[in-house]
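Protein sequence lines correspond, in order, to chains A and B.
In terms of this note's numbering, the first sequence opens at residue 35 and continues consecutively.
In terms of this note's numbering, the second sequence opens at residue 219 and continues consecutively.
Cβ atoms here follow ideal geometry from the backbone N, Cα and C, with glycine treated the same way.
Worksheet: one structure, shown below.
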Amino acid sequence: MPSTASEPDEVAADKSDRRGHVPTYRFAFSWEGPYGHAVHLVENYAKRGVVLDLGCGYAAIGEVLRDAGWEYVGGDRDTDAVADVASRGLECHVIDLAASEGLAARLADVLEDRPVAAVIMLDIIEHLPDPTAVLGELAELSDLLATNGHDAPLLVTSIPNVAHFDLAAKLVGGRWDVTPSGLLDRTHLQLFTEKRVNSELGRLGWQECGREDVLLEHSDQWFPSDHPYLVEGGPVHDHLRSLRAAADPNMAVNQFVRAYRRLPSPSLSDPHLPRATSNAAAKGPMIDDPYLSVLTRTRGTRPSILAEALTCLAAQTLEDLEVIVLVQGDDSAVESTRGVVRSFDDDFISRVRVEQLSDDSRSASLNAGLSLARGRYVAFLDEDDLVTADWAQRFAEGAARVPGKLVRSVCDVRVVRQANPDEEAMGAAPVTLTKPICKFGARFDPVAHLAVNATPLSSFALPRSLVTELQFRFDEQLESGEDWDFVLRAALVVGVEDTGYVTSIHQRWANAGGMTATEAPGIGDALRAEILSRFDAAPLLLPPGSATKLARLSGEIGPGRSHDDQGTDLAPALEGARLALVEARETLQFAEDRLGGESAQIEDLLLLIDQLERRARQAERTQAELLASEFWRMTAPLRAVVTLIRGDRRSDRT
Amino acid sequence: MATALRVQTVRYGGDAPDLLRMLRSVAAAARRLEAKATSSALTVAIGDCGAPEDPHAVLDEKLLTEARGILAKADLSLDYVAFMANVGHGAGQNLLAKRTSERRRPGDGKDVLILLNPDTYLSPDCLATLVAALEPESVGIAEARQIPLEHPKAFDPVTGDTPWASGCLMALRSSVFEALGGFDASFFLHGDDVDLSWRARLSGLRVRHVPRAAVFHDKRPTETGFPPPGDQEEFQAALARLLLAHRAERRDVIAGSLNWLDVHGSAHQREAGREFMRRLAEGALPTTYREALGVSPEAVASVACFHEGEYAEHRF
């Protein structure tokens, strides 16, 4: 029974063996445990012949295998155990795995040229001083058997998972409970996660062919059961679990029970020769990997628009970047895109890759890009958007300050429209209707982000470690708002480093003709509810400063803010209102054109917009009068010009 | 007929990698020119004004070698001139243009000058589109569209006609540049492009904005949308306004500007006002458009626009 926090920690004390030598356990056979799982693997994957059970102890598995028709041969260094096994009519030899040198030859002697179906090592490898040497000897044995005309044997191992959730959660709390047996058996010399299991076996040429891991929701380390981080439904417990669930599927694995076979391959002739693991990405960035990967989505149908986005990228002051152009289209779209890329300078071309996407949904295309990216950081620039020359550099500066955080700059919005056919000078160029409007705050506010996204796709760079370590992806279930969901999830894990610079301009197309698949449809109430319900499903970890924000939202306490704060809140609101007015005016004029200017209602509405615009300017002036901060004094001359001009404009109209 | 092309830029400080990037874009854009001339007729000229800290801090040989290598790939040659003094943008461009006309041989065909800021990157089709926009001959100057911050001045979306062309990237025939006498060197940095454009229009030529020719200009927006001017920029911009108003004989604009500078201007802007008055007293101001071009006051009034502190109506 697991103890509780109020009891003394008896389990951790080892009374059975004080001489420091490894005791031989007498575990009973169970089909639910690693023995039963190992027998399944042998039955499913091994051919007929000897099953060699190394480190067999009292051979709990011996009779089961013999009764199932296998020729059982045990091996252990404990002479008492070997005698016990032999007395039960099973073949057993004294074999010390700790003395690994010449092990393959010794085993070959024991086997006397019999065919070997499987070599099994159940909960043994973690006790070895040099597991690599033993696995290498077994690889040699496998090759030797093959040379002598036998089939290569199956290797079945059971290895405890030191990254089981119970153990990991307690370690976060500073607790590490070594026990007489179990996951943290005091005699374990080696600790394994799945990554180490794969790497130790993989580099010796053992290729996994089957697995039947032992799963325990509550391991032997699930004690004390009222440890604060083990409380089910507790925010910390649940948060740790949700992070871990994303990172790998092994949090409930007690033992990795897996079967391997060594493939006869000339490159593996020397089992001691380390070989490159296939999982190079897990090692982190290579020396020649770029600092930043830029993902650019295109339909391949508007080459001149794409060329402008690429021009912005070619002009970046940070040159240590790769650009991956993701084409959501057919072969001709890809060819057209390649043509655009080829028209650039050779130096830039060498940093651009063009990739065709098979699944062109919004999230899937972004995820495909994440898989292709090699940079330490990843940023996004869709073909509709434009960036300044310091866009990438500001990301790099932010990342250098706090490596691993999401880096965020400010994205301005401007409204453009597609040219009418009679506007001959325009070609495919967009007609710009507004100056860049600063809609989004210079600082990331996670609480405000729960209501609305103020970090468009082109305004952040994410550390690729989120992808490699936590398998972060855009949610492919979401039809839209996947960037919002992604930024918020990432921000709540690694936090956000604001650069404070405006480095990107998002172009909003006023007329529907300009709408593209890469442009997000509006976030409707249903979608907002959908995204919020996802965040409701798990605990939220908010950064420092959130308590006061939340308390203010409750309405129980007043704002208590400075004029400065009010000003920064007012400015985006005013700009937002102006943006809406410009859009409304554009839409109305569009409608008016179509109706041939016959509708008096439209004229009334245009007049109304005029009035609203005047009111917005008035509000701006009132706001300026409110603010007497240092900033406002310093920028007085600049504002004077603006006021002067506005004054002129007003008197013109009245 | 072949088009001889000369791309001219005047450098004053700035990072070497930025300059090389610009040259790479010029080389790539030159490859896209439809009617490609012989290699000797494609030139990039760099006039070097040194750097703010030292007019003698000119480009070193290593950088020039790299620059030549980049241009050679597109059969472009480099014509590099170290002025050893900060002569200013307009005067620098004039000096560079003069070197072309001296070298030109009869029968070289249509010569086109591309005047370019060094803090730019050309989109691949930019040069070809701009050069093509110089047809018909009534078009005196063709101007590229700047990204990511588009210049807000008005233009006709059908014809592209615009009140003035920005010196960030403009194309014009050498013959036009010569006939206009190049830039007026009394403008040091700002307003020389407005002045050149107005003189072109007063001479009956069109100035055309070419939206399809995109050029990246390294301008960085602030939260208020426009990059804040530097000290030198404030001075030059204020002085340019006074000089333009003087040439257009707009005493009201001069008086209004001087008054505004006194009340609201920064130290640098007020200094510009004093500089203007000094030149006025010394008789060192440029001649008026009427005098210089022999045009009517009505013609000047129709071209010289002083609208809300700008030289054209703005679209946003």
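DSSP beta-bridge partners for residue i?
i: A:A293; result: A:V190, A:G244
i: A:T466; result: A:V450
i: A:T330; result: A:V359
i: B:R533; result: None, per the DSSP bridge assignment.
i: A:T213; result: A:D219
i: A:S538; result: A:V421, A:C445
i: A:D87; result: A:G108, A:I154
i: B:M388; result: B:L333, B:E361
i: A:F414; result: A:L329
i: B:T338; result: B:H435
i: A:D559; result: Note: A:D559 sits in no beta bridge, so no partner.
i: A:G461; result: Note: A:G461 sits in no beta bridge, so no partner.
i: A:L440; result: A:V530
Can you have a look at residue i and say buried or exposed, based on whether 16 or more other CB atoms are within 10 angstroms of its CB?
i: A:S303; result: At A:S303 the pLDDT is 42, less than 50, meaning the model places this residue with poor confidence and gives no usable figure here.
i: A:H261; result: buried
i: A:N401; result: buried
i: A:D365; result: exposed
i: A:D446; result: buried
i: B:H274; result: exposed
i: B:T347; result: buried
i: B:L479; result: buried
i: A:E171; result: buried
i: A:Q511; result: exposed
i: A:K473; result: buried
i: A:E531; result: buried
i: B:M388; result: buried
i: A:T466; result: buried
i: A:D147; result: exposed
i: A:D517; result: buried
i: B:C523; result: buried
i: A:T533; result: buried
Taking residue i as the query, report the chain A residues whose CB atoms sit under 7 Å from its CB, ordered along the chain.
i: B:F434; result: T345, C346, A349
i: B:P429; result: A459, M460, G461, A463
i: B:P370; result: K469
Mind listing the chain A neighbours of residue i? Cutoff is C-beta to C-beta under 8 Å, in chain order.
i: B:I365; result: E342, T345, C346, L420
i: B:E489; result: Correct list: empty, because the minimum Cβ distance to chain A is about 14 Å.
i: B:T440; result: V536
Specify the secondary structure class of residue i as computed by DSSP and reduced to three states.
i: A:E105; result: strand
i: A:W543; result: strand
i: B:D379; result: strand
i: A:A310; result: At A:A310 the pLDDT is 41, less than 50, meaning the model places this residue with poor confidence; the figure from the coordinates comes in the next sentence. Looking at A:A310 - three-state DSSP - the assignment turns out to be coil, as it is neither helix nor strand.
i: B:A430; result: Note that residue 430 of chain B is Arg in the sequence shown here, rather than Ala. B:R430 falls in the strand class under three-state DSSP.
i: B:G358; result: strand
i: B:L525; result: According to the sequence shown, residue 525 of chain B is His rather than Leu. Strand.
i: B:R224; result: strand
i: B:P515; result: helix
i: B:D297; result: strand
i: A:R507; result: coil
i: A:P68; result: helix
i: A:C346; result: helix
i: B:C344; result: helix
Residues of chain B with CB closer than 9 Å to the CB of residue i, please, in chain order.
i: A:C445; result: Neighbours of A:C445 on chain B: none; closest Cβ ~10 Å, over 9 Å.
i: A:S338; result: S341, D343, R430, A432
i: A:D424; result: D436, R438
List the residues of chain A whose Cβ lies closer than 9 Å to the Cβ of residue i, in chain order.
i: B:R250; result: S377
Does the beta carbon of residue i fall short of 6 Å from some heavy atom of the ligand FAD?
i: B:H274; result: Absence of the ligand FAD from the depicted structure is noted, as is the absence of any ligand whatsoever, leaving it without description.
Chain B partners of residue i, CB-CB under 8 Å?
i: A:D456; result: V376
In chain B, which residues lie with their C-beta within 7 Å of the C-beta of residue i?
i: A:A453; result: P375
Item to check | Short-range partners of chain B found in the region 379-412 of chain A, where Cβ spacing is below 8 Å | outcome: Correct list: D379, D380, D381, F382.
Checklist entry - What residues from the region 463-487 of chain A come within 8 Å of chain B, judged by C-beta to C-beta, listed N to C? => result Result list: A463, V465, T466, L467, T468, K469, P470, I471, C472, A476.
Item to check | Contact list for the region 376-397 of chain B against chain A, Cβ threshold 7 Å | outcome: Listed by position, the residues of the region 376-397 of chain B near chain A (Cβ gap below 7 Å) are V376, T377, G378.
Checklist entry - Between the region 225-240 of chain B and chain A, which residues of the former have a C-beta closer than 8 Å to a C-beta of the latter? => result Along the region 225-240 of chain B, the positions whose C-beta sits under 8 Å from a C-beta of chain A are D233, P235, D236, R239, read in chain order.
Checklist entry - Just by C-beta distance, which residues in the region 331-345 of chain B are closer than 9 Å to chain A? => result Only those residues of the region 331-345 of chain B whose C-beta falls short of 9 Å from the nearest C-beta of chain A are listed: D337, T338, Y339, L340, S341, P342, D343, C344.
Item to check | Selection of the region 468-483 of chain B by Cβ proximity to chain A, strictly under 9 Å | outcome: If the cut-off is 9 Å between Cβ atoms, the region 468-483 of chain B has W478, V481, H482, G483 near chain A.
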